[in-house]
Amino acid sequence: MSHQPAAMAADPVPATLAHRLARVPLVVDPDAARKAVDDWLAEAGEAGAAITALAAEAPRVRPLLEAVADGSPFLWELMRSDPAGLLRLLGSDPDRHLTARLSETFRAASHSRDDAEVMRLLRRMKAEAALLIALADIGGVWDLGRVTRALSDLADAAVCAAVRYLLLGAVRAGKLVPADPDHVEEHCGYVVFAMGKMGAHELNYSSDIDLIVFFDPQAPLAPGVEPAQLFVRLTRTLIKLLQERNGDGYVFRVDLRLRPDPSSTQVAVSVPAALDYYESVGQNWERAAFIKARPCAGDLALGGRVLKELTPFVWRKYLDFATLADVHAMKRQIHAYKGHGDIAVEGHNVKLGRGGIREIEFFVQTQQLIAGGRNPGLRGRETLAMLDALAEGQWIAAEAATELACAYVFLREVEHRLQMVADEQTQSLPADRPALERFARFLGYESRDAFAQALLARLVVVQRHYAALFEDVTARAADERGLTFPADRDDKETLDKLGAMGFRTPLEVSATVRRWLTGSPRGVRGETARSHFALLVPMLLDQLARSENPDGAVLAFDHFLSGLHGGGRLFALLNQNPDLVALVGLLLGTAPRLADILAAHPQVMDPLIEPAFFGALPDAVQLDAELTRSLAQARSDEDFLDRVRLFGQEHMFLIGARILSGTVSAVQAGDAFAGLADVVIKALHRSVGDSFAATYGRVAGGESAVLAMGKLGGREMTASSDLDLIVVYDFDEDHPESDGARTLYGGQYFARFTQRLINALTTQTNHGRLYEVDMRLRPSGRSGPVATSLAAFRDYQRNEAWTWEHLALTRARVVSASPAFAAKVEAAIREVLRLPRDARAVAGDVVEMRRAIATEKGEGDRWNLKYVAGGLVDIEFITQYLQLVHAATTPAILDTSTIRVLEKAARHGLLPVEEAEVLRPAARLYHDLTHVLRLCLDGPFEPSKAGAGLLALLTRAADVPNFANLEAHLVDTQEKVRASFVRLLGEAP
């Protein structure tokens, strides 16, 4: 393919998979890969010898094996566990073999009489097909279309076999009475729809399958059999057959949340109820979802009738700009400069990130929703086919279709290769450079930089086309409202419209806007600024009206204008970038914490409108340099503290803006907040140390270290996190007296120094408070000294600390200290964590602590994401427990990050795969949601009182279509996490 390196070009070849291999990935560690393959082949007996012989005939076989051993633990394990099976695959025609394997399993499974046998048959089919498809993909035997079709055919076969097995079971039980038992699906009244990528035959390598199940209340059932009860039970068993993990693995994870109102409906929905729902309250995202809907199992004729009934709902004849703006808002991601600007490659999400797969799919689906009502030829499911159709109908330029298709193929192949590494449903590139270097080689590129160049070229193209599609939508939708603000009076029609838009005090809003337009606020003075601002007003009000508190947003913007110097350039840029106006609306109306910063410091808007803002977050070196430059200009101690606070607040604002814009993940945001705190702590540690020494001198051999604990230690901070700190010190006990004009001794010296450091972090100045500091995790808690000597710290942790204190210690990391002293403190921490422990005793302590927290905090509020049963505390306790009981034998498990511990525990076999698959996405979900809630609320979240803006932010953060889906997903996740907690710890709290 054109985007692949030259080394991967294809050759004409014979029919077997081995001989048709056209390319192989590159290897990071050739010696290790070679040895791994040699050792395996030597152990594999006759099959190993046969593979060696085949590799002599087909020269790409051996390099492919080594590349898989080097780059994909998941595929390597599939090969290692069944060398004879691998030999069969290499010696087969892949197309014929896959077709035969699917047909064989369908026949065997559908006529089985036993759930366990069906699960075994389906799982073994999945394992063999997954390896075959991966090898055909990696080896360049199949193109993207064939790969995604093969994956979708596999899913279809699994669902069809399971449905037929269940229907035949219902017949044998005397509950279903089909007209023709040999064709049990026909007119059975039970249909499964494939949605999303499965519906479009575009399934990805480690995808969930999105299904909707409908049933006909008039299904041919025996007398007395309740349709809903029967078909809900069948659907629950269908889920079990497909996704329950056993010794043979799983087939597919099943997601049924695209059904109507998933938080309040059963897993199977009656056709009349579904049609009534879509006709009365169906939303635009559901219209888009049904573009790809395809009946895939059961009563396909019933599925066809449902699709026909839904045609007027999905394919409208006409769309106004407000509806089109709503379609655009489904993506709810803010992009600057119509696609220009920096993009960080490390950690980039190739599906949801800027220029990603989702933008191409939205581009196509939006055009289909606009034109498909009048052009049935634009109602297809497949993305690439519809790009061609849109170009042929001249709805889009041929160049756009070609460029987007090229980018789509490239990004889907990257997505597949990411998922092949560990069979994980991920679309995010590795977050650190060495890991990305390894992945680039597995994808076939010589280096990280070569891959990054190819990736960025595609992302920029996609951004450009996507932004052009929507560039006028927001402004035109706003202009259609026809708001007018005469200088001498309030327009009655405008007041009515403002009220309808959601403003509670239209008269006050109108008066405020009229004052703006006269140029009264400082930021609007001057003809240029006023003319640009007048153009901006309709769009600005439209976006402020969508926020959590529209009237409060107007007031916040009024304060912002009053403090702004020369707004002409800003207003011009906002007019050119409507998405930035949406972001401003979010900041002002939905995130009061950020609105306060913006009103007090209008200059923080400057970085927001720079193209580089949406690229990589600043690293510690950049932040430290910026803070150092600012502090060097401080004229007094008060000015020094003000500058630190201004620096901290500005960067908190910018990180918060990135969260609200959807352009950083929770992991990146938590790391950014913690990185900011680290830089501030280091600066104040240095500064306070110097000023303290100016008065009291220094103690011989004196050293101090600031330890981060809790959220700061784990780099999982949010906008409202306190700093959990411990200060550890050491000095020469033979010379404990400081050498300054005023003398202090040893522990007294460091206690007073620590208090001054805390004051520097927490004192309220003209620019507010920087952080709250919590020192309760220090040895002996509130009753202990504020600073602890290293010797006392070691002794306490070894001989006096409770289990909960060792759990907390798993998150300890040194933030500020000399390198030598930091190493000593870190060694002391690791020494304690690596002590052998009784797993049962630790588990008992953890369960007891979780029970005590539930008694104190409660665990019944679903949206108290930290303390709810199955919430974040459950996951944190699990990771801390795993570290305490396994670090003695597997020290590599130690890490301060919750998610990284889960990954390490799974990699080292200390956490069952099925538990990791529950806990990792749950932790990410809770962190994503928590970041939004902490930015937007000071108190608890009550969905019934929340506005559309906040609900939309939470929905986007969870990557689900709407809030009802999110609530259903949250309940399901919390139940699964609590079940994992009980299995791993041995009892319920």
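This note's numbering puts the last residue of the sequence shown at 1133; the count rises by one with no breaks. Glycine is no exception: its CB is placed at the ideal position from the N, C-alpha and C atoms. Keep in mind that this is a model prediction, so the values were computed, not measured.
For D399, the secondary structure class from DSSP, reduced to helix, strand or coil, is strand.
H1075 counts as buried, since no fewer than 16 other beta carbons sit within 10 angstroms of its beta carbon. Look at Y394 here: in three-state DSSP terms it is coil, with no helix or strand label. Here A1112 is not near L1069, since their CB atoms are 8 angstroms or more apart. Closest by C-alpha distance to G833, out of K495, V871 and R984, is V871. Scanning its chain for C-beta atoms nearer than 6 angstroms, with the 5 sequence neighbours on each side dropped, one finds around R938 the residues A972, in chain order. Taken in chain order, the complete alpha helix (DSSP H) segments of 4 or more residues contained in the segment 564-623 are 577-587, 592-614 and 617-623. By the criterion of at least three beta-carbon pairs nearer than 8 angstroms, the segment 244-255 is not in contact with the segment 194-203.
Under the three-state reduction of DSSP output, E881 falls in the strand class. Take the alpha-carbon of H879 and the one of Q892: they are about 14 angstroms apart. Distance from the CA of K1120 to the CA of G1014, rounded to the nearest whole angstrom, comes to 7 angstroms. In the three-state scheme derived from DSSP, where H, G and I count as helix and E and B as strand, S933 is classed as strand.
Secondary structure note for I353: its beta strand (DSSP E) is the uninterrupted segment I353 to F359. S809 counts as buried, since no fewer than 16 other beta carbons sit within 10 angstroms of its beta carbon. Taking the Cα positions, R789 is about 12 angstroms away from I825. Leaving aside the five residues that flank N493 on each side, the residues in its chain whose CB is nearer than 6 angstroms to its CB run, in chain order, Q571 and S572.
When secondary structure is reduced to three states using DSSP, G663 falls in the coil class, being assigned neither helix nor strand.
Under DSSP, E847 takes part in a beta bridge, and its partners are D874. Separation of the CB atoms of C304 and D443 is rounded to 12 angstroms, and the pair is thereby denied contact status at 8 angstroms. If you draw a straight line from the Cα of D989 to the Cα of L867, it is about 26 angstroms long.
Membership of V328 in any alpha helix (DSSP H) is not indicated, and neither H nor E is assigned to it by DSSP. Counting only residues of its own chain and dropping the five nearest sequence neighbours on each side, V605 has a CB closer than 7 angstroms to the CB of E547 and A551.
In the three-state DSSP reduction, N493 falls in the strand class (E or B).
Ranked by how close their Cα comes to the Cα of D1018, the residues V976, A998, R633 and A1036 have A998 in first place. M861 carries a coil assignment under DSSP once its states are collapsed to helix, strand and coil. Linking G890 to G884 through their CA atoms gives a straight-line distance of about 13 angstroms. If you draw a straight line from the Cα of A983 to the Cα of V1029, it comes to about 5 angstroms.
Within the segment 367-455, the runs of beta strand (DSSP E) at least 3 residues long that lie entirely inside it are, in chain order, 412-414 and 438-442. Every beta strand (DSSP E) stretch that sits fully inside the segment 948-990 and reaches 3 residues is listed by chain position as 957-960. Within 10 angstroms of the beta-carbon of G800 lie 16 or more other beta-carbons, which makes it buried. Taking S236 as the centre and dropping the five residues before and after it, the same chain places the C-beta of T160 and L161 closer than 7 angstroms to its C-beta, in chain order. Distance from the CA atom of L587 to the CA atom of P574, rounded to whole angstroms, is 13 angstroms.
By a beta-carbon distance limit of 8 angstroms, A302 contacts V395. Their separation comes to about 5 angstroms. In the assembly as shown, V425 is an exposed residue. Its beta-carbon has fewer than 16 other beta-carbons within 10 Å.
Non-local C-beta neighbours of R658 in its own chain, meaning closer than 8 angstroms and more than five positions away in sequence, comprise F629, P630, A631 and D634, ordered along the chain. Note: A338 is bridge-paired with L355 and R438 in the DSSP secondary-structure output.
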